[in-house]
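In the working numbering, the protein residues as written are 11 to 149.
Quick reminder that beta carbons are idealized off the backbone N, C-alpha and C, glycines included.
Here's the structure we're looking at; comments come further down.
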Amino acid sequence: MKLNQITEKKLQEYLNHRINDNGLSLSSANRYIITIKAWLNFALRRRLIFENSLRYFKGYKLGKRHPKYLPVENINKIIRAAQGTRLYYPIRTALYTGMRVEEVYGLEWQDIDFGNSSITIRHGGEVITKSKKERTIPL
11 MKLNQITEKK LQEYLNHRIN DNGLSLSSAN RYIITIKAWL NFALRRRLIF
61 ENSLRYFKGY KLGKRHPKYL PVENINKIIR AAQGTRLYYP IRTALYTGMR
111 VEEVYGLEWQ DIDFGNSSIT IRHGGEVITK SKKERTIPL
(Lines of atoms letter the chains of each structure in order from A and count residues from 1; the text may use other names and numbers.)
(Lines give C-alpha, C1' and ligand atoms only; values in the text may rest on other atoms or scores of the structure.)
Protein backbone atom coordinates (compact mmCIF):
# COMPACT_ATOMS: atom_id res chain seq x y z
CA MET A 1 0.00 0.00 0.00
CA LYS A 2 1.31 3.44 -0.90
CA LEU A 3 1.53 6.18 1.71
CA ASN A 4 -1.15 8.29 0.05
CA GLN A 5 -3.53 5.30 0.13
CA ILE A 6 -3.53 5.01 3.93
CA THR A 7 -6.86 6.17 5.32
CA GLU A 8 -8.48 6.17 8.73
CA LYS A 9 -10.97 3.54 7.54
CA LYS A 10 -8.26 1.20 6.22
CA LEU A 11 -6.20 1.54 9.38
CA GLN A 12 -9.26 0.92 11.57
CA GLU A 13 -10.14 -2.22 9.55
CA TYR A 14 -6.57 -3.46 9.85
CA LEU A 15 -6.44 -2.83 13.59
CA ASN A 16 -9.84 -4.47 14.14
CA HIS A 17 -8.59 -7.55 12.30
CA ARG A 18 -5.37 -7.67 14.33
CA ILE A 19 -7.19 -7.13 17.63
CA ASN A 20 -10.10 -9.50 17.00
CA ASP A 21 -8.41 -12.26 15.00
CA ASN A 22 -4.81 -12.13 16.22
CA GLY A 23 -5.24 -10.98 19.81
CA LEU A 24 -3.31 -7.73 19.41
CA SER A 25 -3.48 -5.74 22.65
CA LEU A 26 -4.88 -2.22 22.67
CA SER A 27 -1.57 -0.81 23.86
CA SER A 28 0.20 -2.52 20.95
CA ALA A 29 -2.43 -1.15 18.58
CA ASN A 30 -1.71 2.32 19.96
CA ARG A 31 2.00 1.82 19.25
CA TYR A 32 1.11 0.89 15.64
CA ILE A 33 -0.94 4.08 15.35
CA ILE A 34 1.86 6.24 16.75
CA THR A 35 4.42 4.65 14.43
CA ILE A 36 2.31 4.98 11.28
CA LYS A 37 1.41 8.59 12.11
CA ALA A 38 5.09 9.36 12.66
CA TRP A 39 6.00 7.86 9.28
CA LEU A 40 3.26 9.90 7.62
CA ASN A 41 4.54 13.06 9.32
CA PHE A 42 8.05 12.23 8.10
CA ALA A 43 6.75 11.72 4.56
CA LEU A 44 4.85 15.01 4.80
CA ARG A 45 8.02 16.90 5.84
CA ARG A 46 9.86 15.29 2.90
CA ARG A 47 7.00 16.29 0.60
CA LEU A 48 6.34 12.68 -0.36
CA ILE A 49 2.68 13.24 0.54
CA PHE A 50 0.64 16.43 0.82
CA GLU A 51 -1.32 15.66 4.00
CA ASN A 52 -1.27 13.24 6.89
CA SER A 53 -4.54 11.38 6.48
CA LEU A 54 -4.27 10.12 10.08
CA ARG A 55 -3.72 13.55 11.63
CA TYR A 56 -6.96 13.29 13.66
CA PHE A 57 -6.93 9.50 14.16
CA LYS A 58 -7.15 8.76 17.88
CA GLY A 59 -5.69 5.80 19.68
CA TYR A 60 -7.56 3.45 21.98
CA LYS A 61 -8.40 4.58 25.48
CA LEU A 62 -6.77 2.31 28.02
CA GLY A 63 -7.99 1.75 31.55
CA LYS A 64 -5.77 2.80 34.40
CA ARG A 65 -3.33 0.10 35.30
CA HIS A 66 -2.80 -0.57 38.96
CA PRO A 67 0.78 -0.91 40.12
CA LYS A 68 2.06 -4.42 40.70
CA TYR A 69 3.65 -5.13 44.04
CA LEU A 70 5.92 -7.93 45.14
CA PRO A 71 4.54 -10.04 47.95
CA VAL A 72 6.24 -9.26 51.29
CA GLU A 73 7.70 -12.77 51.51
CA ASN A 74 9.45 -12.26 48.15
CA ILE A 75 10.83 -8.90 49.27
CA ASN A 76 12.20 -10.51 52.42
CA LYS A 77 13.81 -13.34 50.40
CA ILE A 78 15.51 -10.86 48.08
CA ILE A 79 16.82 -8.79 51.01
CA ARG A 80 18.11 -11.89 52.81
CA ALA A 81 19.85 -13.07 49.62
CA ALA A 82 21.53 -9.68 49.18
CA GLN A 83 22.66 -9.41 52.81
CA GLY A 84 26.42 -9.14 53.12
CA THR A 85 26.89 -8.07 49.48
CA ARG A 86 27.63 -4.65 48.03
CA LEU A 87 24.14 -4.71 46.49
CA TYR A 88 22.33 -4.91 49.83
CA TYR A 89 21.65 -1.17 50.29
CA PRO A 90 20.86 -0.39 46.64
CA ILE A 91 18.41 -3.33 46.55
CA ARG A 92 16.76 -2.27 49.81
CA THR A 93 16.44 1.29 48.56
CA ALA A 94 14.87 0.16 45.28
CA LEU A 95 12.47 -2.26 46.97
CA TYR A 96 11.27 0.15 49.64
CA THR A 97 10.99 3.26 47.46
CA GLY A 98 10.04 1.90 44.04
CA MET A 99 13.04 3.63 42.50
CA ARG A 100 14.52 2.28 39.27
CA VAL A 101 18.07 0.94 39.15
CA GLU A 102 19.41 4.01 37.32
CA GLU A 103 17.74 6.26 39.88
CA VAL A 104 19.25 4.39 42.84
CA TYR A 105 22.75 4.44 41.37
CA GLY A 106 22.40 8.10 40.41
CA LEU A 107 21.57 9.18 43.98
CA GLU A 108 23.77 11.77 45.64
CA TRP A 109 23.73 12.86 49.27
CA GLN A 110 22.14 16.19 48.30
CA ASP A 111 19.12 14.24 46.95
CA ILE A 112 18.26 12.89 50.40
CA ASP A 113 16.33 15.24 52.69
CA PHE A 114 16.49 13.68 56.15
CA GLY A 115 14.53 16.59 57.66
CA ASN A 116 11.51 15.96 55.41
CA SER A 117 12.14 12.21 55.11
CA SER A 118 12.25 12.27 51.32
CA ILE A 119 14.43 11.54 48.32
CA THR A 120 14.35 13.78 45.25
CA ILE A 121 15.03 12.15 41.90
CA ARG A 122 16.32 14.74 39.47
CA HIS A 123 16.16 14.43 35.72
CA GLY A 124 19.48 15.09 34.07
CA GLY A 125 23.10 14.28 34.64
CA GLU A 126 23.50 10.58 35.32
CA VAL A 127 19.84 10.01 36.21
CA ILE A 128 17.13 9.87 33.59
CA THR A 129 13.68 9.53 35.10
CA LYS A 130 11.01 7.71 33.11
CA SER A 131 8.78 10.78 33.00
CA LYS A 132 11.74 13.14 32.42
CA LYS A 133 10.53 15.13 35.42
CA GLU A 134 11.89 15.59 38.90
CA ARG A 135 9.97 13.67 41.53
CA THR A 136 10.07 13.35 45.30
CA ILE A 137 9.67 10.06 47.10
CA PRO A 138 8.66 9.97 50.78
CA LEU A 139 10.71 7.72 53.06
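Length of the line joining the Cα atoms of N14 and S63: 8 angstroms
F60 versus K71: straight-line alpha-carbon distance, rounded: 29 angstroms
Contacts around L34, its chain only, beta-carbon distance under 6 angstroms, and the 5 residues preceding and following it disregarded: R28
Contact belief for L105 with S128 at Cβ below 8 angstroms, rounded distance in angstroms: That belief does not hold up - the Cβ atoms of L105 and S128 are roughly 17 angstroms apart, past 8 angstroms.
Contacts around R132, its chain only, beta-carbon distance under 6 angstroms, and the 5 residues preceding and following it disregarded: E144
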